[in-house]
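Working notes for the structure below.
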Amino acid sequence: MCDRGAQQLCFLIVVLMQVFVCGSVSALENTEIPRTANGRPDFSGIWQAIGTAHYDIEPHASDFGPLVENGAIGAIPGGIGVVVGGEIPYTDEGRAQQEENKATWLENDPVVKCYMPGIPRANYLPFPFQVIQSTDHIVVAYEFASASRIVYLNRPDFEAPILSWMGHSRGHFEDDVLIIDVTDQVADTWLDHAGNHHTDALKVTERYYHAGPNTLIYEATLVDPAVYTEPWTIRFPLYRRLDENMQLLEYKCVEFTEELIYGHLRKGVSSN
Amino acid sequence: MKKVILVMFIFQTISIPSSWVLAQTGSTWEVARTIDGDPDLQGVWENNTITPVERPDVFGNKSFLSDDDIAFLRRRIAEINAAGDDALFGEGVLQAAFSGEITSYDPSTGNYDSQWMAERTIHRRTSQITQPSNGKYPPRTEKAIAAAKALAEHRRDHPADSYTDRPLGERCVSFGAPRLSSGYNSYWQIVQSKETVAIIQEMAHDVRIIPIVPMPHANKNIKLWHGDSRGYWDGDTLVIETTNYSDKSSTSPETDRKVNVEKLTRISETALRYELMSDDPGQFTGSYTREIIFDYTEDDIYEYACHEGNYGMANILSGHRVEEARAAAGLRER
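Here the protein sequences line up with chains A and B, keeping their order. Going by the working numbering, the first residue of the first sequence is number 3, and it counts up by one from there. Going by the working numbering, the first residue of the second sequence is number 7, and it counts up by one from there.
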């Protein structure tokens with residue numbers, strides 16, 4: 003293909019064409035992925051999603067917010083969606099429940115009350131989270147509500163002792179991809195403010211892989227035959243927070259919700 | 007949380023003194039290393055010690071229990087557990103061992119029963135406080151005494167006008183960091199990466215994140231419930247310095263002046279020596295040092311979904327409203 007005379011330049015052009023043809027986002031060559039001392043891809047660091055999936059993971063245009071007094075800062079921005087294929091494959095009853103949830107979300111969305119967000123929602127809230135990766139465990143600490151989870155590596159037989167808000171996470175590596183199976187999550191968590199939901203039979207399979215030194219690709223496949231007609235997947239980038247001296251702060255939001263939840267029970271409140 | 011095993015004799019092996027003595031006499035045991043070459047402190051550690059924070063007067067000047075003391079305590083703990091009475095939090099077990107009486111945390115409503123408490127471990131020290139040498143907290147400041155008095159009066163007169171009248175733990179707002187109460191959800195899991203140590207406090211699903219690379223503390227104007235921690239290795243000891251506590255993180259005054267230094271050293275496969283040096287000038291006239299031995303456990307920790315399940319807060323507030331209404335209507339309390 004390349005004649006001897008311009009071989010180097012020709013070869014370079016061929017390689018570049020292959021890179022562009024193969025797509026703009028792909029796993030890095032092995033030498034570029036940050037690694038732990040035992041050779042595994044290293045996911046440690048502080049990460050955050052950008053976008054509006056926390057409002058609605060399906061594609062959506064901008065829309066009114068729930069509180070008139072918040073004006074433009076309280077309305078819902080649009081989003082191209084993180085659901086692969088665009089629509090969640092709900093059963094008819096599942097879709098009806100989602101629409102009912104959405105109509106009453108300020109009252110019923112558990113995250114409004116500072117309840118733990120569950121998986122995958124915790125990963126696309128507008129708050130940073132920190133991954134601390136060791137050999138047998140990975141800890142993920144979320145700034146929102148001080149939620150956290152422990153990922154148990156290479157313990158596929160470790161069944162959840164009980165249902166939990168953040169689910170039970172078992173992880174392993176396949177080449178340079180971290181795969182986490184999340185099971186036994188309470189039915190009470192939602193997937194976004196738009197009321198997307200699941201039952202406690204939900205199984206989430208997460209995949210994390212590097213797309214650059216400061217970028218991950220996150221995929222999660224959700225299976226729940228009680229509300230979805232087939233498995234479906236979300237996919238979006240996670241960006242490393244590069245601010246100097248970046249650290250998680252606290253968002254201990256219980257304090258911010260006490261009046262909302264218990265205000266009507268205070269002494270002297272008119273309904274008492 | 008581990009369930010109490012209601013058997014007639016509960017003999018907790020004293021794993022700590024023998025390993026502690028070994029550490030002192032220069033045994034050949036060495037702490038294993040993580041893949042990054044740091045001392046490996048990882049695992050789940052339980053703080054179920056029966057050692058009280060302050061030395062009870064009955065121990066006088068003794069810093070360590072004798073063998074007779076330990077035999078007595080073992081027998082009394084077994085008797086208390088077999089009685090299956092109300093749960094005894096913190097130092098309640100030791101007090102019951104000596105007084106012969108079980109004093110419930112909440113005699114009016116009733117309380118958890120003893121099934122909810124973890125088995126308690128006997129360690130040799132007569133107090134967690136090692137400095138001052140009398141095993142007791144330094145004297146409190148005038149301000150702290152006044153604040154405690156004011157708080158007690160307020161709670162007596164306004165036990166539940168609002169959620170703000172209830173303790174921070176009951177509100178599921180914060181259980182503090184470090185949380186050092188023993189015997190109930192008193193489990194820590196330590197996970198280490200190259201640049202960070204994570205200490206997960208089971209109660210209440212809090213991860214203390216400790217960077218072990220040089221990094222300045224957060225700006226002094228950022229005040230935090232759990233403070234802001236930075237760590238480094240001093241030989242085989244992890245040293246953690248925590249500043250930036252918020253005033254509201256504690257009921258004692260000027261908590262934003264508090265500086266804690268913690269030292270964690272693995273002294274055997276199954277024991278972690280924890281030392282806290284606290285300088286809290288709003289509360290105490292001097293600093294103090296506390297030592298706790300954490301014991302290794304094969305158990306995993308659970309999620310502690312405090313706020314999500316906080317029926318107690320709604321019930322406490324509404325219960326008081328009902329009592330007030332009945333009193334206003336001139337009805338006798340049942």
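For each residue, glycine too, the CB sits at the ideal point set by N, CA and C. Owing to the predicted nature of the structure, the values given are computational and were not obtained by experimental measurement.
Chain A contact residues for residue i, given Cβ-Cβ distances below 9 Å
i	result
alanine 224 of chain B	Asn247, Gln249 and Leu251
methionine 221 of chain B	Asn247 and Gln249
alanine 311 of chain B	Tyr117, Met118, Ser166, Trp167, Met168 and Val188
arginine 179 of chain B	The question names arginine, but residue 179 of chain B in the sequence shown is valine. Within chain A, the residues near valine 179 of chain B are Lys254, Val256, Glu257 and Glu260.
glutamate 176 of chain B	By Cβ distance, chain A contributes nothing, its closest Cβ being about 11 Å from glutamate 176 of chain B, past 9 Å.
tyrosine 308 of chain B	Pro163, Ile164 and Ser166
Element boundaries [beta strand (DSSP E), containing residue i]
i	result
arginine 237 of chain A	234-242
leucine 244 of chain B	243-249
tyrosine 193 of chain B	193-198
arginine 214 of chain B	212-217
glycine 47 of chain A	47-50
glutamine 137 of chain B	135-137
glutamate 221 of chain A	217-225
Residue from the options whose Cα sits closest to the Cα of residue i
i	options	result
glutamate 52 of chain B	B:Gly237, B:Glu314 and B:Ile299	B:Ile299
aspartate 183 of chain A	A:Thr217, A:Pro227, A:Phe160 and A:Leu69	A:Phe160
histidine 326 of chain B	B:Arg81, B:Ser168 and B:Leu100	B:Ser168
proline 184 of chain B	B:Ile86, B:Glu304 and B:Met283	B:Met283
serine 293 of chain B	B:Pro138, B:Asn67, B:Tyr251 and B:Asp46	B:Pro138
phenylalanine 175 of chain A	A:Tyr154, A:Val188, A:Gly169 and A:Ser166	A:Tyr154
proline 61 of chain A	A:Glu71, A:Phe45, A:Ser46 and A:Val84	A:Val84
alanine 143 of chain A	A:Val188, A:Met168, A:Pro158 and A:Ala162	A:Met168
glycine 90 of chain B	B:Thr291, B:Glu125 and B:Ser72	B:Glu125
arginine 268 of chain A	B:Phe70, B:His164 and B:Gln48	B:His164
asparagine 40 of chain A	B:Tyr251, B:Ser199, B:Phe290 and B:Ser258	B:Ser199
isoleucine 134 of chain A	A:Leu250, A:Leu262, A:Gly270 and A:Glu95	A:Leu250
proline 158 of chain A	A:Ile181, A:Ala196 and A:Tyr92	A:Ile181
glutamine 195 of chain B	B:Tyr143, B:Ala84, B:Asn321 and B:Glu304	B:Glu304
glutamate 208 of chain A	A:Arg151, A:Cys255, A:Ser46 and A:Ile121	A:Ile121
isoleucine 135 of chain B	B:Ala331, B:Asn316 and B:Ser69	B:Ser69
valine 245 of chain B	B:Lys269, B:Ala88 and B:Ile41	B:Lys269
Under 7 Å by beta carbon: chain B residues contacting residue i
i	result
isoleucine 78 of chain A	Per Cβ cutoff of 7 Å: no residues; isoleucine 78 of chain A is ~26 Å from chain B at best.
leucine 267 of chain A	Ala320, Leu323, Ser324 and Arg327
tyrosine 210 of chain A	Chain B residues near tyrosine 210 of chain A: none, gap ~15 Å exceeds 7 Å.
serine 150 of chain A	Ile206, His211 and Val213
histidine 139 of chain A	Val197
Contacts of residue i in chain A (Cβ-Cβ under 7 Å)
i	result
tryptophan 231 of chain B	Glu252 and Lys254
glutamate 314 of chain B	Tyr117, Met118 and Trp167
isoleucine 228 of chain B	Leu251
tyrosine 169 of chain B	Glu260 and Tyr264
Per-residue contacts from residue i into chain B (C-beta, under 9 Å)
i	result
serine 136 of chain A	Thr40, Ile41, Gln48, Val197, Gln198, Ser199 and Ala204
threonine 38 of chain A	Ile41, Asp42, Ser199 and Lys200
glutamine 132 of chain A	Thr202, Ala204, Val213 and Ile215
serine 64 of chain A	Those within 9 Å of serine 64 of chain A in chain B number zero; the least Cβ separation is about 31 Å.
Three-way DSSP call (helix, strand, coil) for residue i in this model
i	result
leucine 28 of chain B	At leucine 28 of chain B, the pLDDT of 37 sits below 50, so the modelled position is not reliable; the number obtained from the coordinates is stated separately. Helix.
glutamine 101 of chain B	helix
glycine 49 of chain B	strand
serine 26 of chain A	At serine 26 of chain A, the pLDDT of 41 sits below 50, so the modelled position is not reliable and the matter cannot be decided from this model.
histidine 160 of chain B	helix
histidine 212 of chain A	strand
serine 235 of chain B	strand
isoleucine 228 of chain B	coil
glycine 81 of chain A	strand
arginine 268 of chain A	coil
histidine 129 of chain B	coil
isoleucine 83 of chain B	helix
valine 203 of chain B	strand
aspartate 74 of chain B	helix
alanine 74 of chain A	helix
tryptophan 169 of chain B	According to the sequence as given, residue 169 of chain B is tyrosine; it is not tryptophan. DSSP places tyrosine 169 of chain B in helix when its eight states are reduced to three.
Neighbour list for residue i in chain B, Cβ cutoff strictly below 8 Å
i	result
arginine 237 of chain A	The premise fails here: arginine 237 of chain A is roughly 26 Å from chain B at the closest Cβ pair, so nothing lies under 8 Å.
alanine 143 of chain A	Ala204, Val213 and Ile215
serine 171 of chain A	What serine 171 of chain A touches in chain B: nothing, since even the nearest Cβ is about 11 Å away.
Opening and closing residue of the alpha helix (DSSP H) in which residue i lies
i	result
threonine 259 of chain A	256-264
glutamine 99 of chain A	94-105
valine 59 of chain B	Note, valine 59 of chain B: premise wrong, no alpha helix (DSSP H); not H, not E.
tyrosine 317 of chain B	317-334
Near the ligand NAP: residue i beta-carbon under 6 Å from a heavy atom
i	result
leucine 127 of chain A	This structure lacks the ligand NAP, and indeed carries no ligand of any kind.
Unbroken stretches of the alpha helix (DSSP H), 4 residues or longer, contained in the region 182-207 of chain A: none
Uninterrupted beta strand (DSSP E) stretches inside the region 108-193 of chain A (no shorter than 3 residues): 131-135, 139-144, 150-155, 170-176 and 179-185
Go through the region 253-312 of chain B residue by residue and report every complete run of the beta strand (DSSP E) that reaches 3 residues or more, in order. 265-274, 277-285 and 294-303
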